[in-house]
Amino acid sequence: MKFIWTVSVLSWASTGRAVELEVGTCCARLHQELGTKISFLGQPAYNATENSYWSLQEAGLKPGCILRPSVPQDVSRAVSIIAAIDGCNFAIKGQGHAPAAGFANIDGGVTIDMTGLNTTSLSPDRSVLSVGAGASWLQVYQYLDPFNVSVAGGRNGLVGVGGLTLGGGISHFSPRVGWACDNVVNFEVQVSFHWQFHGINADSKKVVLADGTLTNVNETWRSDLYRALKGGANNFGVVTRFDLGTLSQGNLSVSSFVNDISQRRPVLQAFTDIVSSPNFDVYASLVVGFLYNSSSKAWVISNSAVYTRPVLHPPVFAELAAVPSISNSSRIMSLVSLANEAPTPPLNWLFATATFQPSAEFMLEIFDILNSTLYSFNPQGGLVWDIAFEPLPSGMLSHATKTGGNVLGVQPEEGNSYIMLLSALWPDSASNLVVEKVSQQALFTIESRAKAKGLLRKFQYLNYAAWYQTPLASYGADNFEFLKRVSSKYDPFALFQNRVPGGFKLAKEGQL
Ligand SMILES: Cc1cc2nc3c(=O)[nH]c(=O)nc-3n(C[C@H](O)[C@H](O)[C@H](O)COP(=O)(O)OP(=O)(O)OC[C@H]3O[C@@H](n4cnc5c(N)ncnc54)[C@H](O)[C@@H]3O)c2cc1C
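Written as structure tokens, this is what we have:
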């Protein structure tokens, strides 16, 4: 009976109805196993997850059901059930801050919303924080604050530990301790490698896998997977816990400067002087950005200058602070207060990125390209462009070696660079395609000019990349080949390539 059912379903495999049936079967099985941890359209838990995405593009997708695990073993049980049912695809969601559609949500599949896995515990000597993979950085900082220690994590507290760390992670503390991922001492992860061989399904001739188990990976145990997870995103498994090395930390100094766009030359010169300094101040955390409102056709410069010691007006920012400003403020505050940003209203969002060698002249050219590409574009309901520049000092990159390396492929020998995050936010979903097209055009022009001048670095920061970019390939051929080998070893049936379609995939960026 089962045989006939399977064959008839497989014969429709190319139709949406077949997929619908598989997902129905999958969700029913998950519900049987995991009870109320599985929710369906219209139920409060389902709506809570759907309403928690940062972008409208993600919130607009409708999974067949949503799993909200409360213990890591729920993830294992779910993944083994899902894996055994053809056509049942799934998405892994942390705090849902990746903007592109389908990165952490899925139409008609199963979304695993990890946010219930958010426990925090500090080792007795306060050197290692263990945190559930679904936690937000604010939850982490609130927990750590009384202990006067912190970890390298997101600057906005609403962002998730999971996505940020698996993609690299730029923290206020990065110049001092490296990428967030460089500070992971152990991952607890659900991979397919551990599944026990259970038998061959007589009908589909596919391997049926029994219950998955969780494994820890670190510098001495499965060190290849440990390194791959430091930049390899969701290509290898579902991470259920991160153990993060801590650093001593008290209050910080936080300055904001807003400048008229006519001040762009001195602002960009100050930024470039800070970025290109061979003695980059490791306490400096700087973001300089152009903001453009398509309705008012107004550009403005917005700078966030954080110093991770309680020193008001630190010398490193003196040149920037001296530029005439429309407004400026400087305060000493805790990381908890700084990271506790208000959520933005539901909007469409887009990220895209590139990395450059420092040059104030070229940054001025970037502005000219942006202005000529974006100036007259004004979709229904308006749109805001936010083009941010962030230092990538070589000293920050040298920390990778302390925990066995990462796969990001940016080397200290390349010298200091800076990352551009081109983002856009707009209310009207009907404009999505055209906004994407305009952003691509601006990015393409900027990259081509930078390349011609020898200022373009190959690195595309995964957490800032647009869906049409190839950040994994940007890590370089050696790292990419390494990632493919690790994938074949720990995920021999390519579950995390084929059945987790969202995010940047090795299989899409190159043949596995
Ligand atoms: C407002 C805002 C502020 C930001 N600030 C910073 C910043 O300071 N520094 C920085 O480096 N980046 C920053 N980012 C970028 C951020 O790192 C990425 O958007 C990141 O993907 C968000 O992680 P998340 O868990 O919230 O997102 P999600 O959308 O939930 O997940 C992102 C990706 O990671 C995967 N993933 C998540 N959790 C797991 C897991 N446990 N196991 C396997 N895969 C998983 C998902 O499948 C998805 O593909 C910011 C983004 C926003 C929107």
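Mapping of the sequence shown onto mature numbering (1 follows the signal peptide of the UniProt record, and there is no 0): residues -18 to -1, 1 to 494, in sequence order.
Glycine included, C-beta positions come from ideal geometry on N, C-alpha and C.
Expected contact under 8 Å - CB spacing of residue 274 and residue 367 to nearest Å: 4 Å
Taking DSSP as the reference, what is the three-state secondary structure of residue 426? helix
Based on Cα-Cα distance, which residue from 442, 83, 68 lies nearest to residue 150? 442
Consider the C-beta atom of residue 77 and the heavy atoms of ligand 1; say whether any pair is separated by less than 8 Å. The answer is yes for residue 77.
Residue span of the alpha helix (DSSP H) that contains residue 301, given as start and end: 300 to 303 is the span of the alpha helix (DSSP H), which, as asked, contains residue 301.
Backbone CA spacing between residue 265 and residue 480 [nearest angstrom]: 42 Å
Does the beta-carbon of residue 222, which I'm using as the reference point, lie nearer than 8 Å to any heavy atom of ligand 1? Within the cutoff, so yes.
Am I right that residue 427 and residue 355 are in contact with their C-beta atoms under 8 Å? What's the rounded C-beta distance? 7 Å
Quick one: Cα of residue 19 to Cα of residue 475, how far? Rounded to whole angstroms, residue 19 and residue 475 show a C-alpha spacing of 27 Å.
Where residue 436 falls, given that 16 or more other Cβ within 10 Å makes a residue buried: exposed
Beta-ladder partner(s) of residue 47, from DSSP: Looking at the DSSP assignment, residue 47 forms a beta bridge with 92.
Comparing alpha-carbon positions, which option in 207, 130, 80 lies nearest residue 467? 207
Is residue 281 helix, strand or coil when you go by DSSP? strand
State the CB to CB distance for the pair residue 227 and residue 109, rounded to an integer number of angstroms; the pair is presumed to be in contact (CB under 8 Å). For residue 227 against residue 109, the beta-carbon gap comes to about 7 Å, under 8 Å, which counts as contact.
So residue 372 is in the beta strand (DSSP E); what residue range does that whole segment cover? Note, residue 372: beta strand (DSSP E), 366 to 374.
Applying the 10 Å Cβ sphere with the 16-neighbour rule, what's the burial state of residue 152? Per the 10 Å Cβ criterion, buried.
Measuring only the C-alpha atoms, how far is residue 56 from residue 425? 42 Å
In terms of residues, what are the limits of the beta strand (DSSP E) holding residue 102? 102 to 104
Rounded to the nearest angstrom, what separates residue 470 and residue 248 at their Cα positions? 50 Å
In this structure, does DSSP put residue 201 in helix, strand or coil? In the three-state scheme derived from DSSP, where H, G and I count as helix and E and B as strand, residue 201 is classed as coil.
Please determine whether the Cβ atom of residue 138 lies at a distance below 8 Å from any heavy atom of ligand 2. Only ligand 1 can be found as ligands here, which leaves ligand 2 out of the picture.
What I want to know is whether the C-beta of residue 561 ends up closer than 8 Å to one or more non-hydrogen atoms of ligand 1. Any question about residue 561 goes unanswered here, given that the chain covers just -18 to 494.
Three or more C-beta pairs closer than 8 Å, one from the stretch 51 to 71 and one from the stretch 219 to 226: is that the case here? yes
Excluding the 5 residues preceding and the 5 following residue 316 in the sequence, name in chain order all residues of the same chain whose CB lies nearer than 7 Å to its CB. 127, 233
At the level of alpha carbons, what is the spacing between residue 406 and residue 14? If I take the Cα positions, the gap works out to 42 Å.
Residue 130 burial status per 10 Å Cβ neighbour count (16 or more: buried): exposed
Any heavy atom of ligand 1 inside 8 Å of the beta-carbon of residue 475? No, ligand 1 has no heavy atom inside 8 Å of this Cβ.
Counting C-beta neighbours from all protein chains within 10 Å, is the total for residue 172 16 or more, i.e. buried, or is it exposed? buried
Local Cβ density within 10 Å of residue 154, reported as buried at 16 or more and exposed below that: buried
Quick check: what's the CA-CA separation for residue 29 versus residue 343? 49 Å
For ligand 1, I want to know if residue 333 counts as a neighbour, meaning its beta carbon is within less than 8 Å of at least one of the ligand's heavy atoms. Because some heavy atom of ligand 1 lies under 8 Å away, the Cβ of residue 333 counts as near it: yes.
CA-to-CA distance, residue 445 to residue 333, given in whole angstroms: 9 Å
Compute the distance between the beta-carbons of residue 23 and residue 60, then report whether it is under 9 Å. No, these two residues do not count as a Cβ contact at 9 Å.
Are residue 93 and residue 157 closer than 9 Å when you measure CB to CB? No. Outside cutoff.
According to the Cβ coordinates, are residue 464 and residue 215 closer than 9 Å? Taking 9 Å as the cut-off, the beta carbon of residue 464 is found no closer than this to the beta carbon of residue 215.
Could you pull the start and end residues of the beta strand (DSSP E) that residue 335 belongs to? Run containing residue 335: 330 to 338, per the beta strand (DSSP E) assignment.
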